[in-house]
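2 protein chains.
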Amino acid sequence: MARPREFDLGTALDEAIGVFREQGFAASSAADLSRAMGIGRQSLYGAFGDKWGLYLAAVKRDVTQDTEDHLLALSTGPRAIDGLEILLARVRAKAAQACLGLCAVCEFGRSRAELTAILAAAERRFLAVLAARLREAQQEGSAGPEIDVKEAAAFLAATINAVRVAARSGAGAAQLQALAELALRALR
Amino acid sequence: MARPREFDLGTALDEAIGVFREQGFAASSAADLSRAMGIGRQSLYGAFGDKWGLYLAAVKRDVTQDTEDHLLALSTGPRAIDGLEILLARVRAKAAQACLGLCAVCEFGRSRAELTAILAAAERRFLAVLAARLREAQQEGSAGPEIDVKEAAAFLAATINAVRVAARSGAGAAQLQALAELALRALR
DNA sequence: AGGATTATTGACCAATCGTTCCAGAAATAC
DNA sequence: GTATTTCTGGAACGATTGGTCAATAATCCT
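Top line first, the protein sequences correspond to chains P and F. Quick note: the first sequence, position 112, residue 112 per our numbering, numbers continuous. Quick note: the second sequence, position 134, residue 134 per our numbering, numbers continuous.
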């Protein structure tokens, strides 16, 4: 060990996340990033290898935090159905801010294996808990007994994306709420 | 008038659409575009002004064609509900190919007025017909009488985006079908 | 205190970016 | 057929790109 890093990796990554969210990967220059992160370019390359490495780290951090938030919301409230509603409410409340994971999917699809792996891991984790919650909701009687919980979990995850896309294209809070309510209606 | 253009604007635009679909705006270079379109760079700038102008023209063409396809699907089948199902089936069938309108929203949000106007116009047109169809479906009895048709139309439009995002992130045909079925379930 | 090691800084690199200029070719108008 | 207009391809533009190098500064370990 020698001279320690002067900046905090996490907070620097958070700034990078902000840049990537607003401009995407391709349109974010190394100069933009180093300026926003408050560090020199060489420090950036030293810490993250290259721009793609920084992007992967940013996506991983953002998507992990996002998933954690989702899981926390899901476990809130007395009944499982409350958790689902709180989850969607939280997504709506934060929808004004672009989602890096969603932007990454749109920008790259499945063309980059490392990126796909990061996104897939987070989604698996989310879907598993979501399906479990849905099964609970079924046992409570707040979700129809005939629905396939795995399919319903995928549907809700897709609904989250739908809400975010709608918000990014200008939908207001009321429209987002109507969207979420209709989606939950499908589970009854 | 003097020498006429040697290439067809529409087919050249279609090639540009393909490039923008796969790479987005920022990552598509003028060289990429002129190569794919089969024309010289100067011809490209002569016909479309600059890269942004070409992008706007490409988005407009793609989104207009897409909307036209949607409206055609909606008017198919004996009952209104058939049209809705056919619409979603068509979206699923074509979901392997990225949607330029959706990518544009993710890449730029509402930050470019000209782009926003193009997307908003197409969406208005689509939502109006969709809402009308939903009202018919209500009168048929295939959609619940208590639902707000405008909200439901926005929900279905959002569902189309959800299906496309899911496909771009790797979902198979069966998962897309389950998604669409659950969405339609919300209208019952 | 001193040597080893690593972060930081700023200059620097080739390559590519979007865009324009130029010269030649081609097609219509008269 | 000539004049005029516009298209076309290639060369060229300055600016910016992602990424590197060498020198300096700062810390840890002994």
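Even glycine gets a Cβ: it sits at the ideal position worked out from N, Cα and C. As the structure is a computational prediction, the values presented were derived from the model and not from experiment.
What are the boundary residues of the alpha helix (DSSP H) that P/Ala-166 is part of?
Reading the first sequence from its first residue, position 166 is the one you call residue 166 of chain P. Counting along the chain, the alpha helix (DSSP H) containing P/Ala-166 begins and ends at 149-168.
Can you give me the C-alpha to C-alpha distance between F/Thr-116 and F/Arg-110, rounded to a whole angstrom?
Numbered from 1 along the second sequence, position 116 holds the residue referred to as residue 116 of chain F. Numbered from 1 along the second sequence, position 110 holds the residue referred to as residue 110 of chain F. Each residue's alpha carbon lies about 6 Å from the other.
Under the three-state DSSP convention, the category F/Gln-65 falls into:
Taking the first residue of the second sequence as position 1, residue 65 of chain F is located at position 65. It is helical.
Residues in its own chain within less than 8 Å of F/Ala-137 by CB, not counting five upstream and five downstream?
One-based indexing of the second sequence puts residue 137 of chain F at position 137. Closer than 8 Å at the Cβ level, and outside the excluded window around F/Ala-137, lie Arg-79, Ala-80, Ile-81, Leu-84, Ala-143, Leu-187.
9 Å Cβ cutoff met for F/Glu-151 and P/Gln-175:
Looking up residue 151 of chain F in the second sequence gives position 151. Looking up residue 175 of chain P in the first sequence gives position 175. Yes, the Cβ-Cβ distance between F/Glu-151 and P/Gln-175 is below 9 Å.
In whole angstroms, give me the CA-to-CA distance for F/Ala-36 and P/Arg-112.
Sequence index remark: in the second sequence, residue 36 of chain F carries index 36 (1-based). Sequence index remark: in the first sequence, residue 112 of chain P carries index 112 (1-based). Approximately 22 Å, taken between the alpha carbons.
In chain order, what residues of the same chain have a beta carbon less than 7 Å from the beta carbon of P/Ala-96, not counting five sequence neighbours either side?
Reading the first sequence from its first residue, position 96 is the one you call residue 96 of chain P. Excluding positions up to five away in sequence, the list reads Ala-167.
Sort F/Ile-17, F/Ala-30, F/Ala-73, F/Arg-125 by Cα distance to F/Ala-104 and report the nearest one.
Here residue 104 of chain F is taken as the residue at index 104 of the second sequence, counted from 1. It is F/Ile-17.
Which residues bound the alpha helix (DSSP H) around F/Glu-6?
Along the second sequence, read from residue 1 onward, the residue named residue 6 of chain F stands at position 6. No alpha helix (DSSP H) contains F/Glu-6, which DSSP labels as neither H nor E.
How is P/Leu-71 classed by DSSP in three states: helix, strand or coil?
As a first step, residue 71 of chain P must be located in the first sequence, where it is residue number 71. It is helical.
Note down the Cα distance separating F/Ala-121 from P/Glu-140, rounded to an integer number of angstroms.
Counting from 1 along the second sequence, the entry for residue 121 of chain F is found at position 121. Counting from 1 along the first sequence, the entry for residue 140 of chain P is found at position 140. Rounded to whole angstroms, F/Ala-121 to P/Glu-140 spans 44 Å at the Cα level.
Nearest residue (CA-CA) to P/Ser-169, options F/Ala-154, F/Phe-20, F/Val-163, F/Leu-54
Position 169 of the first sequence, counted from the first residue, corresponds to residue 169 of chain P. Cα-wise, what sits closest to P/Ser-169 is F/Ala-154.
In whole angstroms, what separates the C-alpha of F/Glu-22 from that of P/Ala-180?
Here residue 22 of chain F is taken as the residue at index 22 of the second sequence, counted from 1. Here residue 180 of chain P is taken as the residue at index 180 of the first sequence, counted from 1. Spanning the two alpha carbons is a distance of roughly 30 Å.
Pairwise C-alpha distance: P/Val-165 and P/Gln-65
If you number the first sequence from 1, residue 65 of chain P lands on position 65. If you number the first sequence from 1, residue 165 of chain P lands on position 165. Cα to Cα, P/Gln-65 sits roughly 19 Å from P/Val-165.
With DSSP as the reference, label F/Glu-107 as helix, strand or coil.
Residue mapping note: residue 107 of chain F aligns to position 107 of the second sequence, counting from 1. Helix at F/Glu-107.
DSSP three-state assignment for P/Arg-116, whether helix, strand or coil:
Taking the first residue of the first sequence as 1, we reach residue 116 of chain P at position 116. Inspection of the sequence shows that residue 116 of chain P is occupied by Thr rather than by Arg. Correct three-state label for P/Thr-116: helix.
Flag F/Glu-140 as yes if its beta-carbon sits less than 9 Å from any beta-carbon of chain P, otherwise no.
Sequence index remark: in the second sequence, residue 140 of chain F carries index 140 (1-based). Not one chain P Cβ lies under 9 Å of F/Glu-140.
Test: F/Ala-31 CB closer than 9 Å to a CB of chain P
Within the second sequence, numbered from 1, the residue matching residue 31 of chain F stands at position 31. For F/Ala-31, the answer is no, since every Cβ of chain P falls outside 9 Å of its Cβ.
With distances taken Cα to Cα, identify the nearest neighbour of F/Arg-133 among F/Ser-34, F/Gly-77, F/Ala-12.
Counted from its first residue, the second sequence places residue 133 of chain F at position 133. Looking at the Cα atoms, F/Gly-77 is the closest of the given residues.
Would you mind giving the Cβ-Cβ distance between P/Gly-101 and P/Leu-87, rounded to the nearest angstrom? I have them listed as a contact below 8 Å.
Here residue 101 of chain P refers to the residue found at position 101 of the first sequence. Here residue 87 of chain P refers to the residue found at position 87 of the first sequence. The Cβ separation is near 16 Å, so there is no contact.
Are there 16 or more other CB atoms within 10 angstroms of the CB of F/Lys-94, so buried, or fewer, so exposed?
Counting from one through the second sequence, the residue named residue 94 of chain F turns up at place 94. Result: exposed.
F/Asp-62 to F/Val-149, Cα distance in whole Å?
To locate residue 62 of chain F, count along the second sequence from 1; it is residue 62. To locate residue 149 of chain F, count along the second sequence from 1; it is residue 149. In a straight line, the C-alpha of F/Asp-62 is about 26 Å away from that of F/Val-149.
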